[in-house]
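Q: Take this structure, written in structure tokens, and hold onto it; I'll ask about it next.
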Amino acid sequence: MSDPNPNQPTTHLRWSGMTHPGRVRTNNEDTFLCLNFDAHEVRYLGKVGEASLDSGDFVFAVSDGMGGAKSGEFASKIAAEKITQLLPRSFKQSAQHFSIGHGDVLQELISRIHAELSKLGRYYEECRGMGATLSLGWFTPGWLHFAHVGDSRIYYLPKAGPLKQLTHDHSYVGWLRRKGELNERQARTHPRKSVLMQVLGAGRQNIDPHIGSVGCEPGDRFLFCTDGVIDGIWDHRIADMLAKDDAKTIVEYAVAESGKDNASAVVVEML
Numbered sequence: 695m696s697d698p699n700p701n702q703p704t705t706h707l708r709w710s711g712m713t714h715p716g717r718v719r720t721n722n723e724d725t726f727l728c729l730n731f732d733a734h735e736v737r738y739l740g741k742v743g744e745a746s747l748d749s750g751d752f753v754f755a756v757s758d759g760m761g762g763a764k765s766g767e768f769a770s771k772i773a774a775e776k777i778t779q780l781l782p783r784s785f786k787q788s789a790q791h792f793s794i795g796h797g798d799v800l801q802e803l804i805s806r807i808h809a810e811l812s813k814l815g816r817y818y819e820e821c822r823g824m825g826a827t828l829s830l831g832w833f834t835p836g837w838l839h840f841a842h843v844g845d846s847r848i849y850y851l852p853k854a855g856p857l858k859q860l861t862h863d864h865s866y867v868g869w870l871r872r873k874g875e876l877n878e879r880q881a882r883t884h885p886r887k888s889v890l891m892q893v894l895g896a897g898r899q900n901i902d903p904h905i906g907s908v909g910c911e912p913g914d915r916f917l918f919c920t921d922g923v924i925d926g927i928w929d930h931r932i933a934d935m936l937a938k939d940d941a942k943t944i945v946e947y948a949v950a951e952s953g954k955d956n957a958s959a960v961v962v963e964m965l
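Sequential numbering from 695 applies to the sequence shown in my numbering.
Rendered as structure tokens:
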């Protein structure tokens, strides 16, 4: 994949993030992450902001934890923390003109998170079965590189439309939808819609993350969201809302419409 023209105008982006426990659950096992990093440090970003890609690369992610007691909440936080440890090294390599494959870096990152969650699940009774989904986007000038495991989602709304779901749902129902055997309405009411075929940790031996890249330009928008958001908003409504609304508006709408699960979203707009 070639780098964008170095003479092109600097890309700016605007982001917003929001998480909500929903109307049923007492604890929130979701985590969302907004980071800026270079070769030297990682900077945690506020829930709302705007910045230039001259200040380094950006990572946005959502993770939905699962497990008994508080272990689901713990799992999603571990996934977020591991991201901060690996990516600055890759930025440093890139700055020194070493060739790095963003997909390879993300593959290693996913493998490390999976290994850490699996290890904790083996050694600590309270962590047994602990797992997490992860949908992550790494923004570099002109590109979004993404990695995904589970049933959270990344949506892409190009400036010219239409809405695209970048990630594959790693669920039984998601597999049936990709085969064309279910439509959106049938998928939402399917008795096995919560059955995940892939997740980080949770005693799974092997995972095959969905990793890819997409070129992006000013006017493009992206939504990273957990299944609690999806449960409350149909795809056509997501397209309408992503075109104009921030993460807070999207999450609050989803909770009002459903609210049966924790709901988290990050919206990123290229400027």
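Positions of the beta carbon are idealized from the N, C-alpha and C atoms, including for glycine. Every value quoted in this text rests on a predicted model; they were computed, and no experiment measured them.
Taking its Cβ as the centre, do 16 or more other Cβ atoms sit within 10 Å of Ser958, making it buried, or is it exposed?
A: With 16 or more Cβ atoms within 10 Å of its Cβ, Ser958 is classed as buried.
Q: Would you call the segment 834-843 and the segment 919-928 in contact, with 3 or more CB pairs under 8 Å?
A: No: the two stretches stay apart, fewer than three of their Cβ pairs being nearer than 8 Å.
Q: Here's a check: name, in chain order, each residue in its chain whose Cβ is nearer than 6 Å to the Cβ of Ala948, leaving out the five neighbours to either side.
A: Correct list, in chain order: Val923, Gly926, Ile927 and Ala957.
Q: Excluding five sequence neighbours on each side, which residues of the same chain lie with their C-beta closer than 6 Å to the C-beta of Asp758?
A: Taken in chain order, the residues that qualify are Asp724, Thr827, Ser846 and Thr920.
Q: Between which two residues does the beta strand (DSSP E) containing Asp724 stretch?
A: First-last of the beta strand (DSSP E) with Asp724: Asp724 to Phe731.
Q: Where are the alpha helix (DSSP H) runs, 4 residues long or more, that stay fully inside the segment 867-930, in chain order?
A: If we require 4 residues or more, the alpha helix (DSSP H) runs fully inside the segment 867-930 come out as 878-883 and 921-926.
Q: Please find out if some non-hydrogen atom of the ligand ATP comes closer than 6 Å to the beta-carbon of Met824.
A: Inclusion of the ligand ATP in the displayed structure is not the case, the ligand content being empty and no account of it being possible.
Q: Going along the chain, which residues of its own chain have a beta-carbon closer than 6 Å to the beta-carbon of Leu936, five neighbours each way excluded?
A: These residues qualify, in order along the chain: Leu851, Arg915 and Leu917.
Q: Under 7 Å Cβ to Cβ from Asn699, same chain only, skipping five residues before and after it: list those, please.
A: For Asn699, the predicted model reports a pLDDT of 47, less than 50, meaning its position is unreliable; a value from the coordinates is still stated below. None.
Q: Once you ignore the five residues that flank Ser812 on each side, which residues in its own chain have a CB closer than 6 Å to its CB?
A: Counting only Cβ-Cβ distances below 6 Å, and skipping sequence neighbours, we find Gly895.
Q: On a CA-only basis, which of Gln779, Arg708 and Gly874 is nearest Tyr739? Give me that one, please.
A: This sequence places Leu at residue 739; Tyr is not what is there. That would be Arg708, whose Cα lies nearest to the Cα of Leu739.
Q: Is it buried or exposed for Tyr849, if we count other Cβ within 10 angstroms and need 16 for buried?
A: Buried: at least 16 other Cβ atoms inside 10 Å.
Q: Determine, using beta carbons only, whether Leu965 and Pro912 come nearer to each other than 7 Å.
A: It is a contact, given that the beta carbons lie within the stated cut-off.
Q: Quick one: what does DSSP say Lys813 is sitting in, helix, strand or coil?
A: Helix, per DSSP.
Q: With a cut-off of 8 Å, do at least 3 Cβ pairs link the segment 802-822 to the segment 760-780?
A: Yes: at least three Cβ pairs fall under 8 Å.
Q: Around the Cβ of Ser746, are there at least 16 other Cβ atoms within 10 angstroms (buried) or fewer (exposed)?
A: With fewer than 16 Cβ atoms within 10 Å of its Cβ, Ser746 is classed as exposed.
Q: Could you pull the start and end residues of the alpha helix (DSSP H) that Ala948 belongs to?
A: Start and end: Ala941 to Glu951.
Q: Please classify Thr778: does DSSP put it in a helix, a strand, or coil?
A: Looking at Thr778 - three-state DSSP - the assignment turns out to be helix.
Q: Let me make sure I understand the geometry here. Which of Trp869, Trp832 and Asp940 has the alpha-carbon closest to that of Met712?
A: Per the Cα distances, Asp940.
Q: Is it the case that the Cβ atoms of Lys776 and Ile807 are separated by a distance below 7 Å?
A: Cβ atoms of Lys776 and Ile807: closer than 7 Å.
Q: Decide if Met695 is buried, meaning its Cβ has at least 16 other Cβ atoms within 10 Å, or exposed.
A: Low per-residue confidence applies at Met695: pLDDT is 43, beneath 50, and the placement is therefore not dependable, though the value from the model is reported in the following sentence. That one is exposed.
Q: Taking only three categories from DSSP, how would you classify Gly716?
A: Coil at Gly716, not helix or strand.
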